[in-house]
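Right, one structure below, let's go through it.
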Amino acid sequence: MAVNLEYVFRETVSNLKRNVSMASAALLTVAVSLTLVGGALLVKRGVDRATVQWKGNVELSIFMNATASQPESEAVDRQLKSMPEVKSYRYVSKPEAFEEFKQIFANEPDVRESLTVEQIPPSYRVVPREAEQTKIVGERFEDTAGVFRVSYAKEEVDALVSVTNFLQIMLWGIAAVLLAAASLLILNTIRMAIFARRREVAVMKLVGATNWFIRVPFMLEGLLQGLAGATLAFGVVWIGRDLIQDRIAGARNDIQLFKQFLVTGADVTGTGILLLVVGVVVGTVGSALAVSRFLDV
Amino acid sequence: MIRLREVNKTYKGNVVALRDVSLDIAKQEFVFVVGPTGSGKSTMIRLLIKEEKPDSGRIWVAGKDIGQLSSWKVPLLRRNIGCVFQDFKLLPTKTAYENVAFALEVIGRPPHVIKQQVPQVLDLVGLTKKRDHFPNEMSGGEQQRVSIARAFVNRPLILLADEPTGNLDPSTSVGIMRLLDRINRTGTTVVMSTHDSSIVDTMRRRVIELDRGVIVRDQARGVYGAFT
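Quick note, the sequences are listed as chains B and X, same order.
Residues 1 to 297 in our numbering are what the first sequence lists, from first letter to last.
Residues 298 to 525 in our numbering are what the second sequence lists, from first letter to last.
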């Protein structure tokens, strides 16, 4: 197909100039829709990160008998060390456990006084590599000699896993729906712009222009609009992320929930590239589809 | 140049546009197609540029069976046929010069060819002075001249004119007819549908009369009225 490049560029530029309002409507539609999509994707990235950390802090405790012997303790220690599922663990000795116990019952002297250091069971606090493995790790020690009892926050873990799974699915869903809505909106805007120029297309057909010859300037226009809109969306998402991250950084230290909600610069760049690709593809393909409706004569 | 064989065309709702139409138009002929509104004149022209497909029958244009033409070759067919319409179909955002040049750009002619041919054809239709006017700055007759220039700039084998004088006053119409006659003398086959009896009667060319999709008369050097 020998398309005169000079013609294509001149035609594209003059069309964009002539249809400034339609072109900017399409551009803004792309920008707004893709900003929403980008926002949803970044929130999802943040939740992913936070989830990993929340799950990473789930512990289980292996309480030894208060009377457990040294070899029994060492056996548990060795086994923990050899298990690949275990990320980290620490030994809480009798005096440490007693301190903890005193703190927990600080307001209840009766309980506090009822036990001595010797009666408090020492324990291993174990952090499994993944929250889902808590139970597997714990069960391994239930019948081990010297172990008094394995305690894990089973229900909390289950709740956490199901809530975060749900959150992730929901955010995927929102991003997908927004993306679909954005694509349709962009398509519709392009179609309206081309509908306004159907007369021109009809004349082109009449004088013997090939379909590709008619399509190419429209596609180039769509590409430019999609690219410009996506770039705008990229910018908005970038600035928005910086603003939110600044707020979180400025917030009080102890709000762990927010601290863990981390969106890195790489996340923003990745999302931005996705937005650019979507903008370009939807703009180009959308224009090609929209103009095709007027080509079947 | 043009040959129709047993061509039938019916639109939705059993509206018969053409029924069993067969005809031959030779190279360099000038043919009027006459008949009342709805007799199938416009349909015939649309069939020749493959804007519509016949329900049955075969059509040859410039030696090619256009029913066999694959859709990507339709533009090539149209480059051999110039079209002129009652409503001019000019692009309102382009000047007279640009409207004519557009027809050449669209078929990929190089700029130096365009720069040479467009002024020539504008001169032929007598619009050299109006070359930088937009359609809304020109009279109906001038606009029709631009559209004829656009149809002819590519030196097509055939010129189809669908009621080209339908929107013009009689004296302007005479000018347009002179132009079409001149184009015909350069060797281009001209097929023109019309309602205008005085034009047909003055020109005395071949007349094909359609009535409800059927050819009721095909007369060399004919006139508009049916009973002469």
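Using N, Cα and C, we set each Cβ at its ideal position, and we do this for glycine too.
Only a predicted model underlies this, so the values are computations on that prediction, with no experimental measurement involved.
Item checked: Identity of the residue in X:324, X:481, X:470 and X:511 nearest residue 383 of chain X by Cα -> X:470
Next item on the list: Spatial neighbours of residue 302 of chain X within its chain, please: CB distance less than 7 angstroms, with the 5 preceding and 5 following residues excluded, ordered by chain position.
Entry: 319, 354 and 355
Notebook entry, point to check: For residue 352 of chain X, does the three-state DSSP call read helix, strand or coil?
Noted result: coil
Next item on the list: For residue 404 of chain X, return the contacting residues in chain B, with the cut-off set at a CB-CB distance below 9 angstroms.
Entry: 207, 208, 209, 210 and 213
Checklist line | Through-space distance from residue 23 of chain B to residue 158 of chain B, alpha-carbon basis | finding: 51 angstroms
Next item on the list: Pull out every residue of the region 376–387 of chain X whose Cβ sits closer than 9 angstroms to any Cβ of chain B, in chain order.
Entry: 376, 377, 378, 379, 380, 382, 386 and 387
Next item on the list: Determine which residues of the region 476–492 of chain X have a Cβ less than 9 angstroms from any Cβ of chain B, and write them out in chain order.
Entry: none
Checklist line | Segment limits, beta strand (DSSP E) that includes residue 489 of chain X | finding: 486–491
Next item on the list: Please state whether DSSP places residue 294 of chain B in a helix, a strand or coil.
Entry: coil
Checklist line | Contact list for residue 200 of chain B against chain X, beta-carbon separation under 7 angstroms | finding: 388
Check: residue 33 of chain B to residue 295 of chain B, Cα distance in whole Å?
Finding: 29 angstroms
Next item on the list: Please state whether DSSP places residue 454 of chain X in a helix, a strand or coil.
Entry: coil
Margin query: Quick check on the burial criterion: 16 or more other C-beta atoms within 10 angstroms. Buried or exposed for residue 272 of chain B?
Written below: buried
Checklist line | Limits of the unbroken beta strand (DSSP E) element including residue 64 of chain B | finding: 60–64
Check: Using a Cβ-Cβ cut-off of 6 angstroms (strictly less than) and excluding sequence neighbours within five positions of residue 6 of chain B, which residues of its own chain qualify?
Finding: none
Check: Along the chain, where does the beta strand (DSSP E) that runs through residue 322 of chain X open and close?
Finding: 312–322
Notebook entry, point to check: Within the chosen definition, does the region 212–229 of chain B reach the region 374–382 of chain X through at least 3 CB pairs nearer than 8 angstroms?
Noted result: no
Check: Where does residue 74 of chain B fall in DSSP's three states?
Finding: helix
Next item on the list: Decide if residue 41 of chain B is buried, meaning its Cβ has at least 16 other Cβ atoms within 10 Å, or exposed.
Entry: buried
Margin query: In whole angstroms, give me the CA-to-CA distance for residue 101 of chain B and residue 114 of chain B.
Written below: 11 angstroms
Notebook entry, point to check: Do the region 414–422 of chain X and the region 448–462 of chain X make contact, defined as three or more Cβ pairs closer than 8 angstroms?
Noted result: yes
Next item on the list: Might you give, ordered along the chain, the residues of its own chain that have their beta carbon closer than 7 angstroms to the beta carbon of residue 397 of chain X, omitting 5 neighbours on each side?
Entry: 415, 418, 419, 443, 446, 447 and 450
Checklist line | Cβ contact check for the region 400–411 of chain X and the region 425–433 of chain X: 3 or more pairs under 8 angstroms | finding: no
Check: Is the region 487–504 of chain X touching the region 458–466 of chain X, taking contact as three or more C-beta pairs under 8 angstroms?
Finding: yes
Next item on the list: Measure the CB-CB distance between residue 26 of chain B and residue 175 of chain B and report whether it falls below 9 angstroms.
Entry: no
Checklist line | Nonlocal neighbours in the same chain, by C-beta distance under 6 angstroms from residue 263 of chain B, ignoring five residues either side | finding: 42, 45, 46 and 241
Next item on the list: Give a yes or no on contact between the region 88–107 of chain B and the region 116–127 of chain B, applying the rule of three or more CB pairs nearer than 8 angstroms.
Entry: yes
Check: In terms of alpha-carbon separation, which member of B:149, B:234 and B:132 lies closest to residue 164 of chain B?
Finding: B:132
Check: Using the beta-carbon of each residue, which ones in chain A are nearer than 8 angstroms to residue 47 of chain B?
Finding: You won't find chain A in this structure, because its protein chains are B and X.
Item checked: Coarse secondary structure for residue 388 of chain X, derived from DSSP in three states -> coil
Next item on the list: Please classify residue 431 of chain X: does DSSP put it in a helix, a strand, or coil?
Entry: coil
Check: Using CA coordinates, which residue listed in X:508, X:475, X:308 and X:503 is at the minimum distance from residue 516 of chain X?
Finding: X:503
Item checked: residue 286 of chain B beta carbon less than 9 angstroms from that of residue 186 of chain B -> yes
Item checked: Presumed contact (8 angstroms Cβ cut-off) between residue 72 of chain B and residue 145 of chain B, rounded CB distance -> 5 angstroms
Next item on the list: Using 8 angstroms as the cut-off, classify the Cβ of residue 408 of chain X as near or not near the heavy atoms of the ligand ZN, replying yes or no.
Entry: Absent from the structure shown: the ligand ZN. Ligands present: none.
Check: So which residues on chain X does residue 204 of chain B lean against when the C-beta distance must stay under 7 angstroms?
Finding: 403
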